[in-house]
Structure formats: structure tokens, C-alpha cells
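Report on the following structure.
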Amino acid sequence: GAVVSQHPSRVICKSGTSVKIECRSLDFQATTMFWYRQFPKKSLMLMATSNEGSKATYEQGVEKDKFLINHASLTLSTLTVTSAHPEDSSFYICSASGRGGTEAFFGQGTRLTVV
Amino acid sequence: SQQGEEDPQALSIQEGENATMNCSYKTSINNLQWYRQNSGRGLVHLILIRSNEREKHSGRLRVTLDTSKKSSSLLITASRAADTASYFCATEHTGGFKTIFGAGTRLFVKA
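Chains as they are written, first to last, in our numbering: chain R, 1 to 115; chain V, 1001 to 1111.
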């Protein structure tokens, strides 16, 4: 299957700082990327869907000013957690699908810890 | 709720036994996928079944899909201790390619 690379795999940051997570499709053009959040021992919750070149569509209850998503190219989407707080600590996973494709490929996830 | 339902939430079996997990969803789908996740790690894609398929096999895995009941099952035969993980179904919905995850089943296989 296609490869999606997510970076960093782990990050620790101080409260009040911002953290950027990158999601790259390495061997295909990702017209749509998805960002998920996973709390310990819970399932993945879809946060937002982004299409290349347009604004992200956020799921209900997700603060778009808190979680900034940029999908400026067909191979890269970024999620920036702004003014991070300890409750933002979580596992964040991206997925990407190509033009006309019906399968999304997942990155390996980023474990964010805010101290 | 955005999520589908999975049952059981947790399953503990002996090595060699079969494990069956079920998933139900709410709206029309393009496909349904099953993933595995070891504790604190990324997702491993196991199998994808399209909405026009009823059954699919991959090694020790057997997946069924009943679109009339909006449900799917994952059967792992002859389980091994290494199968211990969380298993999630994920449905890709029509009209947007959004993939929604079920709550997951935590499988524990005792050696």
C-alpha cells in the first residue's frame, strides 16, 4: 500500500507553546487528509478533513482555532496545536487518500505530551 | 455519536481458540476496514471489504459484511499470544470518504 509518514513520532512541549505535526504522503498525491485524535484506551476520533488547497472541515466540538490544519500541497498536511495545555496530550494520527481513491492510508501517529 | 459500535469491548481467550469481534455502523458506506493497534502504537491495516462484498479472507482472518444489518465481523482463527492488541473497524462513508472508527475491541490471548 501507499506510504504516509508522520513526524514527529513523539513530542513533549511546555504548556502555552505550539506544536506542529506533519503528515506526508510519500508515493502518491493526497487530495484529502484526515486528522484523528486518540485518548488512552479509546478509539480514534475524527477531528477534521482537509482537501488540498482549501480550508479544513472540522468535526463538531473540535476547536478550529486551537487545532490549525494546513494542506497546502498534495503531499503535506500539518496540524498545529496552538497554546497547548496538558489536556491536549494525546495520540494524533493522520491519514491520506488520493484522487478518486476509496482507501485512506495512515501515518504512524504522534504522541503529544504537554507538561 | 460519530463512532460505530463494536462488541465485545474486551475479549480474553486461550491461544489456539478463535476470536470473533463484531462491528455495527449507522450510515451507508463505501467500504469497511479492520485495523489492529498494539498498545500506544500506530495502526496496522488488516483487511478492507467493499460494500458489494460479503466475505473476505486473509490468512487467519475472515471478515464478513452484512450491509442490510449494517454490521461486520472479524474472525481470527487459531489465535496466538502475538494477536493481543486492540482491533478497530473503520467505515468509509459515502459522499465524502470520511473514515469513522468503531470503539474497538481489546483482545487478550493467553499463552
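We treat Cβ as the ideally placed atom computed from N, Cα and C, and that holds for glycine.
Please read all numbers here as calculations on a predicted model, not as lab measurements.
When the Cα atoms are used, R/V4 and R/I93 turn out to be separated by approximately 10 Å.
Residue state for R/E87 is assigned as helix, using DSSP reduced to three classes.
Residues of the stretch 82-100 of chain R with a C-beta atom less than 8 Å from some C-beta of chain V are F91, I93, S95 and S97, listed in chain order. With contacts defined by Cβ atoms closer than 8 Å, V/R1080 and V/L1065 do not form a contacting pair. DSSP places V/D1083 in the helix class (H, G or I) of the three-state scheme. Listed along chain V are N1031, Q1033, L1048 and E1092, each with a C-beta nearer than 8 Å to that of R/E103. Contact of R/T75 with chain V is not assigned, every C-beta pair being separated by 8 Å or more. Excluding five sequence positions before and after V/E1017, the CB atoms of its chain that fall closer than 7 Å to its own CB belong to S1079, given in chain order. Secondary structure of R/L74 (DSSP, three-state): coil.
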